Amino acid sequence: MQQQQQQEMLKNLTNQQVVQYNKMRQDYAEIFRIYLDIEDEKKEHTLVLDAVKNVDPKRRCWRLIGGVLVERQLEDVLKSLKESLELLEKTGQNLQHCYETERKRIT
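Take 1440 as the starting number for the sequence shown in this note's numbering and just add one per residue.
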């Protein structure tokens, strides 16, 4: 009787480990997906900054902010884009660190 209980306990422990491992893999995949999204955003910001680098900073431009199209001067938008790009780079570095940590936990 006691041996049967131990075997059941080991079976449950193994199932718990499998569930935990699958959860870790899901977390790993989610972190990686978010990291790729951040990298795409960084590329888009860089493309925009490169496209307007030779344009007059006083020129009018429009930017979509929270679903609202807002008219601004290019210099204001450039400043905001550069700040966003810096924030994306920091976030990307943090996610890369989380990604590496999670990968080590899985293996």
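Note that the Cβ used here is the ideal one computed from N, Cα and C, for glycine as well.
The structure displayed is predicted, hence computed values, not measured ones.
- Look at Arg1542 here: in three-state DSSP terms it is helix.
- By the criterion of a C-beta distance shorter than 8 Å, Lys1481 is surrounded in its chain by Leu1524, Leu1527, Glu1528, Gly1531, once the five residues flanking it on both sides are discounted.
- Residue Cys1500 holds the alpha-carbon nearest to the alpha-carbon of Arg1511 among Ile1504, Leu1520, Cys1500.
- Assignment of beta-bridge partners to Ile1504 by DSSP yields Val1507.
- Distance from the Cα of Arg1542 is smallest, within the candidate group Ile1470, Asp1515, Leu1520, Arg1502, for Ile1470.
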